[in-house]
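Chemist: According to my numbering, the stretch in the sequence shown is residues 254 to 472, in order.
All C-beta atoms in this analysis are idealised placements derived from N, C-alpha and C, irrespective of residue type, glycine included.
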Amino acid sequence: MAVTTAQRPSALEVMRDAPVIPVIVLDEVAHAVPLARALVAGGIRMLEITLRTSVALACMEAISREVPDAVVGAGTVRSAADARAAANAGARFAVSPGYTHAMGQACREQGLALLPGVATASEIMAAQEDGWLALKFFPAMQAGGPALLKAWHGPFPEVRFCPTGGVNAANAADLLALPNVVCVGGSWLTPAEAVQAGDWARITGIAAEAARLHRAAGT
Ligand code: 3PG
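1. Kindly give me the distance between the Cβ atoms of A483 and V282, rounded to whole angstroms, as I take these residues to be in contact under 8 Å.
2. Could you tell me which of T306, V286 and N341 sits nearest to L319, measuring between CA atoms?
3. Does the count of Cβ pairs from the segment 286-297 and the segment 423-438 closer than 8 Å reach three?
4. Given that a residue counts as buried once 16 or more other Cβ atoms are within 10 Å of its Cβ, and exposed if not, what is P475?
5. For the ligand 3PG, is there a heavy atom less than 7 Å away from the beta-carbon of T417?
6. Taking the alpha carbon of R269 as the reference point, which residue from P399, P444, R298 and I277 has its own alpha carbon closest?
7. For A264, which option in A425, S307, I274 and F346 has the closest C-alpha, if you only look at C-alpha atoms?
8. Leaving out five residues on either side along the sequence, give the residues of the same chain with a beta carbon under 6 Å from the beta carbon of G364.
9. Over the uninterrupted alpha helix (DSSP H) stretch that includes V308, give me the two end residues.
10. Return the bridge partner residues of T472 from the DSSP annotation.
11. Out of curiosity, what's the CA-to-CA distance linking A380 and C415?
12. Need the endpoints of the beta strand (DSSP E) that G458 sits in, please.
13. If A309 sits next to I302, beta carbons under 8 Å apart, how far is it from one beta carbon to the other, in whole angstroms?
14. Taking the beta carbon of K389 as the centre, do at least 16 other beta carbons fall within 10 Å, making it buried, or is it exposed?
15. Could you tell me whether any non-hydrogen atom of the ligand 3PG is closer than 7 Å to the CB of S440?
16. State the beta-bridge partners of F390 as determined by DSSP.
17. Output needed for D280: all residues of its chain with C-beta closer than 6 Å, excluding positions within five of it in sequence on either side, in chain order.
18. Could you spell out where the beta strand (DSSP E) holding A439 opens and where it closes?
19. Since L300 sits in a beta bridge, which residues does DSSP pair it with?
20. With DSSP as the reference, label A430 as helix, strand or coil.
21. Closest to V330 by C-alpha separation, out of A372, E314, G357 and P321, would be which residue?
22. With a 10 Å radius around its C-beta and 16 neighbouring C-beta atoms as the bar for buried, classify M254 as buried or exposed.
23. From which residue to which residue does the alpha helix (DSSP H) around V448 run?
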């Protein structure tokens, strides 16, 4: 595979590694390592751990230390402080729901690849102005889904997207067929009840199915 686990990937390398980036919410540190192993076993290595729980940073540290084949990313990065904390916890890429110049700068200073979140043409232009061309489209299905991605392809042919929000096993293929979509993001790979029950085999199965999704040629 292109990215070795010792490297910090670029945003496009993060997006190209597999067709899906799992959006992960962890409530217990004890779940972090077995969950990461289950996803890696299914072929999904780029893991977005959201900064939505008090244990998120500890989970990133544990996975970075104990699952060398996983590449830990931080999700829900909303500020420069979040970016610094994530980098200190071992994150190698960041995903944000929206975009600010200060947060983008902090990611650059920390050497973190960033998938900045956008939902409008003006937000794409602001991110582009700062040099970001691999973007998260959030909340994808609520904001316009495949139709909006098609509309953006005209004015922004060089921009690549990871639609996230309302994406699932049923609609992922339609998004991945678009020429400006490299991968999708979603929480469907890690159902809360499976994590709580420690049903890692089920998660490996969902991940393996996600890893087999096809994307458009040339993205
Ligand atoms: C995100 O946090 O990026 C999205 O809320 C994930 O959305 P989903 O739960 O609809 O996949």
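Modeler: According to the structure data:
1. Here the chain comprises residues numbered 254 to 472, so residue 483 is not present and cannot be evaluated.
2. Within the sequence shown, the letter at position 66 stands for residue 319. The sequence given here places Glu at residue 319; Leu does not occur at that position. When each option's Cα is compared against that of E319, the closest is V286.
3. no
4. Residue 475 lies beyond the stretch modelled for the chain, which goes from 254 to 472, so this question has no answer here.
5. For the purposes of this step, residue 417 is identified with residue 164 of the sequence shown, where counting begins at 1. Result yes, Cβ under 7 Å from the ligand 3PG.
6. Locating residue 269 in the sequence shown gives position 16, where the first residue counts as 1. That would be R298, whose Cα lies nearest to the Cα of R269.
7. On the sequence shown, position 11 is the one that residue 264 refers to. Ranking the options by Cα distance to A264, first place goes to F346.
8. Against the sequence shown, residue 364 aligns to sequence position 111. Answer for G364: R261, listed in chain order.
9. Residue 308 sits at position 55 when you count from the first residue of the sequence shown. Premise fails: V308 is in no alpha helix (DSSP H) and is neither H nor E.
10. By 1-based counting over the sequence shown, the position of residue 472 is 219. Per DSSP, none; premise fails for T472.
11. Residue mapping note: residue 380 aligns to position 127 of the sequence shown, counting from 1. Residue mapping note: residue 415 aligns to position 162 of the sequence shown, counting from 1. Their backbone Cα atoms lie some 14 Å apart in a straight line.
12. For the purposes of this step, residue 458 is taken as residue 205 along the sequence shown, with counting starting at 1. Where G458 is concerned, there is no enclosing beta strand (DSSP E), although the alpha helix (DSSP H) it sits in stretches over W453 to A464.
13. Working through the sequence shown from its first residue, we reach residue 309 at position 56. Working through the sequence shown from its first residue, we reach residue 302 at position 49. Right, their Cβ atoms sit about 6 Å apart.
14. Counted from its first residue, the sequence shown places residue 389 at position 136. K389 comes out buried.
15. Counting from 1 along the sequence shown, the entry for residue 440 is found at position 187. Answer for S440: yes, Cβ within range of the ligand 3PG.
16. As a working note, residue 390 is residue 137 in the sequence shown. Per DSSP, V371 and P416.
17. Numbered from its first residue, the sequence shown carries residue 280 at position 27. For D280, where only same-chain residues beyond five positions count, the Cβ hits under 6 Å are T306.
18. Within the sequence shown, the letter at position 186 stands for residue 439. Note on residue identity: the sequence assigns Gly, not Ala, to residue 439. Counting along the chain, the beta strand (DSSP E) containing G439 begins and ends at V437 to G439.
19. As a working mapping, residue 300 is identified with position 47 in the sequence shown. V325, per the DSSP bridge assignment.
20. Walking along the sequence shown from the start, residue 430 turns up at place 177. Reduced to three states, the DSSP call for A430 is coil.
21. Walking along the sequence shown from the start, residue 330 turns up at place 77. Closest by alpha carbon: G357.
22. The sequence position of residue 254 within the sequence shown is 1, counting from 1. At M254 the pLDDT is 43, less than 50, meaning the model places this residue with poor confidence; the figure from the coordinates comes in the next sentence. Answer is exposed; the Cβ neighbour count stays below 16.
23. Here the question's residue 448 lines up with position 195 in the sequence shown. Element bounds for V448: A445 to A450.
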